[in-house]
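>
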Amino acid sequence: MKVLVCGGAGYIGSHTCVALIEQGHEVVIYDNLCHGSISAVDHIRQLSGASVRFVEGDIRDRESLEAVLATGFDAVMHFAALKIMSESCRFPLLYFDNNVAGTITLLQAMQATGVQRLVFSSSAAVYGDPDVVPISEDAPLRACNPYSHSKLVMEQLIEEVCDARPSFSATILRYFNPAGAHPSGLMGEDPCGVPTNLMPYVSQVAAGLQERLHVFGGDYPTRDGTGVRDYIHVMDLADAHAKALQLLRHGGCHVLNLGTGRGYSVLEVVSAFEHVSGCRVPYEIVDRRPGDVAEVWADPSRAEKALGWRAQHDLVRMCADAWRWQSMHPHGYQSAQVIELRQV
Ligand code: NAD
Ligand code: WQD
52 MKVLVCGGAG YIGSHTCVAL IEQGHEVVIY DNLCHGSISA VDHIRQLSGA
102 SVRFVEGDIR DRESLEAVLA TGFDAVMHFA ALKIMSESCR FPLLYFDNNV
152 AGTITLLQAM QATGVQRLVF SSSAAVYGDP DVVPISEDAP LRACNPYSHS
202 KLVMEQLIEE VCDARPSFSA TILRYFNPAG AHPSGLMGED PCGVPTNLMP
252 YVSQVAAGLQ ERLHVFGGDY PTRDGTGVRD YIHVMDLADA HAKALQLLRH
302 GGCHVLNLGT GRGYSVLEVV SAFEHVSGCR VPYEIVDRRP GDVAEVWADP
352 SRAEKALGWR AQHDLVRMCA DAWRWQSMHP HGYQSAQVIE LRQV
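Counted the way the numbering used here counts, the sequence shown spans residues 52 to 395.
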């Protein structure tokens, strides 16, 4: 299939582009580079050996989107969003404009150009504080901050379009906690500064870029008192996206959890990271982070059934690949640019 990957210069989108090309698809990347990097696009080209077209553009720019989509596509993958919860609480309108208004414009442009298939990046954040774990797709949805609220509204928009237009099909993928990097070490998560998520923060502590990890809460009702999450390797996510394209051939609107079905505590992540990196990760237990919950992990059985997919990589592999990326790119993609400039 020919696929427009909106947000393809970002963390999950870039890994998915490589997986799609490896499986015989053609991709065009559309990204405004507000968080993604042109170096990620170069590395996609390098790893896949394909001459991938890149269009710098915003999903809120309907004219630009339609001009690209009019060249003919079988499907769109929609990764383009702002995703930092704390930032969304400070700038709710920015999040609704970028994420929700952007999705409306994308859906309009798809309709205008006759592109009928969509794979959408949603988040376990739509479940909020779950009543039970593992979480199934039928669990109550409770958006607790502007970011997760924007994801929920985006899901609802897509479902409404599916209901209104039987020819339109979509797969909504709710990721749990993405982690890890491409095994080459050439692509990974670039937090663009001080990370807010656990795994990139732990990586920076191991690399000596941060002094110590602040563990948010040591008094949760979990096995060691720290928060438990379902970490999933970005390469497993990428593979699930490629499989989701096949599901779209059958029509309808599908909502699927993408997780491993297993949770790890913060201290278990620290211990696994120390083991693979051989570096110490000093930490200090501090107050709980507002809005955090004790335990979140997925029931991934619906995705297994619908996609014939199951996560293949364990926590040790996620830490090992994250560490390789961190070691090769201590300052994210900026490191690559500096090295490239030195070579000119
Ligand atoms: P990312 O920030 O690395 O990638 C997002 C990409 O979208 C970036 O390249 C950015 O430049 C681009 N983008 C943002 N707004 C845009 C706009 N208006 N027009 C064009 N491009 C735009 O984030 P990621 O971790 O790769 O996340 C991808 C998607 O997955 C997001 O929708 C996010 O909400 C969702 N998600 C991420 C996580 C996570 O922890 N990483 C978890 C669950 C869901
Ligand atoms: C994981 C655990 C923290 C940082 C969010 C969204 C989710 C997805 C990923 C977008 C928690 C603890 C963290 C630190 C810590 N994003 N922690 N010290 O909050 O589970 O998930 O980001 O959709 O949908 O909800 O991820 O990586 O921030 O935290 O102790 O410096 O690590 O308290 O228990 P979270 P996280």
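Here a beta-carbon is modelled for each residue, glycine too, at the ideal position from N, C-alpha and C.
1. Contact check, residue 250 vs residue 282 under 8 Å by CB: the rounded distance?
2. Enumerate in chain order the residues of its own chain whose CB-to-CB distance from residue 108 is below 8 Å, with the five nearest sequence positions on each side excluded.
3. Please give me, in chain order, every unbroken run of the beta strand (DSSP E) with length at least 3 that falls completely inside the stretch 200 to 229.
4. What residue does the beta strand (DSSP E) around residue 334 start on, and which one ends it?
5. Taking 7 Å as the limit between beta carbons, can you name the residues of its chain near residue 211, skipping five residues before and five after?
6. If we count the other Cβ atoms within 10 Å of its Cβ and call it buried at 16 or more, is residue 134 buried or exposed?
7. Tell me which same chain residues have a C-beta within less than 7 Å of the C-beta of residue 384, skipping the five on either side of it?
8. Spatial neighbours of residue 149 within its chain, please: CB distance less than 6 Å, with the 5 preceding and 5 following residues excluded, ordered by chain position.
9. Return the bridge partner residues of residue 106 from the DSSP annotation.
10. Checking 8 Å against the spacing of the C-beta atoms, do residue 279 and residue 273 come in under that value?
11. With residue 379 as the anchor, note down where its alpha helix (DSSP H) starts and where it stops.
12. By how many angstroms is the C-alpha of residue 121 removed from the C-alpha of residue 113?
13. To test your reading of the DSSP string, which unbroken beta strand (DSSP E) runs of 3 or more residues are found completely within the stretch 135 to 205?
14. Nearest by alpha-carbon distance to residue 75: which of 93, 54, 171, 145 is it?
15. From 348, 77, 137, pick the residue whose C-alpha is nearest to that of residue 247; which is it?
16. Per DSSP, residue 346 forms a beta bridge with which residues?
17. Closest to residue 225 by CA distance: which of 302, 369, 206 is it?
18. Less than 8 Å between the CB atoms is what I'm expecting for residue 167 and residue 220, so what's the real figure, rounded?
19. Roughly how many angstroms separate the alpha carbons of residue 106 and residue 58, rounded to a whole number?
20. Looking at C-beta atoms only, is the number of pairs between the stretch 368 to 383 and the stretch 308 to 319 that lie closer than 8 Å three or more?
21. Does the Cβ-Cβ distance between residue 175 and residue 285 come in under 8 Å?
22. Which word fits residue 350, buried or exposed, when buried means at least 16 other C-beta atoms lie within 10 angstroms of its C-beta?
23. List in chain order: all unbroken beta strand (DSSP E) runs of 3+ residues lying wholly within the stretch 249 to 318.
24. Would you call the CB atoms of residue 373 and residue 276 closer than 8 Å?
25. Please state whether DSSP places residue 126 in a helix, a strand or coil.
26. Is residue 193 near the ligand NAD, judged by its Cβ being under 7 Å from some heavy atom?
27. Evaluate residue 364 with the Cβ neighbour count: other Cβ atoms within 10 Å of its Cβ, from every protein chain shown; 16 or more gives buried, anything less gives exposed.
28. Would DSSP call residue 68 helix, strand or coil?
29. For residue 319, tell me which candidate among 253, 362, 95 has the shortest Cα-Cα distance.
30. Using 10 angstroms around the beta-carbon of residue 60, count the other beta-carbons present and answer buried if the total reaches 16, otherwise exposed.
31. At a cut-off of 7 Å, would you count residue 366 as near the ligand WQD, judging by its Cβ distance to the nearest heavy atom?
Concretely, from the data shown:
1. Looking up residue 250 in the sequence shown gives position 199. Looking up residue 282 in the sequence shown gives position 231. Correct: roughly 7 Å between the Cβ atoms.
2. In the sequence shown, counting from the first residue as 1, residue 108 sits at position 57. Only 81, 82, 83, 115, 116, 119 meet the Cβ criterion.
3. 220 to 226
4. Translated into positions along the sequence shown, residue 334 becomes position 283. Where residue 334 is concerned, the enclosing beta strand (DSSP E) stretches over 334 to 337.
5. For the purposes of this step, residue 211 is taken as the residue at position 160 of the sequence shown. Taken in chain order, the list of residues that qualify is empty.
6. What you label residue 134 is simply residue 83 of the sequence shown in a count that begins at 1. With 16 or more other Cβ atoms within 10 Å, it is buried.
7. Counting from one through the sequence shown, the residue named residue 384 turns up at place 333. Counting only Cβ-Cβ distances below 7 Å, and skipping sequence neighbours, we find 88, 90, 91, 241.
8. Locating residue 149 in the sequence shown gives position 98, where the first residue counts as 1. Once the five neighbours on either side are set aside, the close Cβ partners of residue 149 are 133.
9. Along the sequence shown, read from residue 1 onward, the residue named residue 106 stands at position 55. DSSP, once it has assigned bridges, lists 81 as partnering residue 106.
10. Working through the sequence shown from its first residue, we reach residue 279 at position 228. Working through the sequence shown from its first residue, we reach residue 273 at position 222. Their beta carbons are under 8 Å apart, which means residue 279 touches residue 273 by this criterion.
11. Here residue 379 refers to the residue found at position 328 when the sequence shown is read from its first residue. Residues 366 to 379.
12. Here residue 113 refers to the residue found at position 62 when the sequence shown is read from its first residue. Here residue 121 refers to the residue found at position 70 when the sequence shown is read from its first residue. Those two C-alpha atoms are separated by around 12 Å.
13. 168 to 174
14. Position 24 of the sequence shown holds residue 75. For residue 75, the nearest C-alpha among the options comes from 54.
15. As a first step, residue 247 must be located in the sequence shown, where it is residue number 196. Among 348, 77, 137, the Cα nearest to that of residue 247 is on 137.
16. Counting from 1 along the sequence shown, the entry for residue 346 is found at position 295. Beta-bridge pairing links residue 346 to 279.
17. Position 174 of the sequence shown holds residue 225. Per the Cα distances, 206.
18. By 1-based counting over the sequence shown, the position of residue 167 is 116. By 1-based counting over the sequence shown, the position of residue 220 is 169. Confirmed, about 7 Å.
19. Sequence index remark: in the sequence shown, residue 106 carries index 55 (1-based). Sequence index remark: in the sequence shown, residue 58 carries index 7 (1-based). Each residue's Cα considered, the two are about 11 Å apart.
20. no
21. Position 124 of the sequence shown, counting from 1, holds the residue named residue 175. Position 234 of the sequence shown, counting from 1, holds the residue named residue 285. No, the Cβ-Cβ distance between residue 175 and residue 285 is not below 8 Å.
22. Sequence index remark: in the sequence shown, residue 350 carries index 299 (1-based). Residue 350 should be labelled buried.
23. 264 to 267, 282 to 284, 304 to 309
24. Here residue 373 refers to the residue found at position 322 of the sequence shown. Here residue 276 refers to the residue found at position 225 of the sequence shown. No, they are not a contact pair.
25. As a position in the sequence shown, residue 126 is number 75, starting the count at 1. In this structure, residue 126 counts as strand in the three-state DSSP scheme.
26. To locate residue 193, count along the sequence shown from 1; it is residue 142. Checking every heavy atom of the ligand NAD against the Cβ of residue 193, none is found closer than 7 Å.
27. Looking up residue 364 in the sequence shown gives position 313. When all chains shown are included, residue 364 counts as buried.
28. Here the question's residue 68 lines up with position 17 in the sequence shown. Three-state DSSP puts residue 68 in a helix.
29. Working through the sequence shown from its first residue, we reach residue 319 at position 268. Nearest C-alpha to residue 319: 253.
30. Against the sequence shown, residue 60 aligns to sequence position 9. The residue in question, residue 60, is buried, as its Cβ has 16 or more Cβ neighbours within 10 Å.
31. Position 315 of the sequence shown, counted from the start, is the residue given in the question as residue 366. No, the beta carbon of residue 366 sits no closer than 7 Å to any heavy atom of the ligand WQD.
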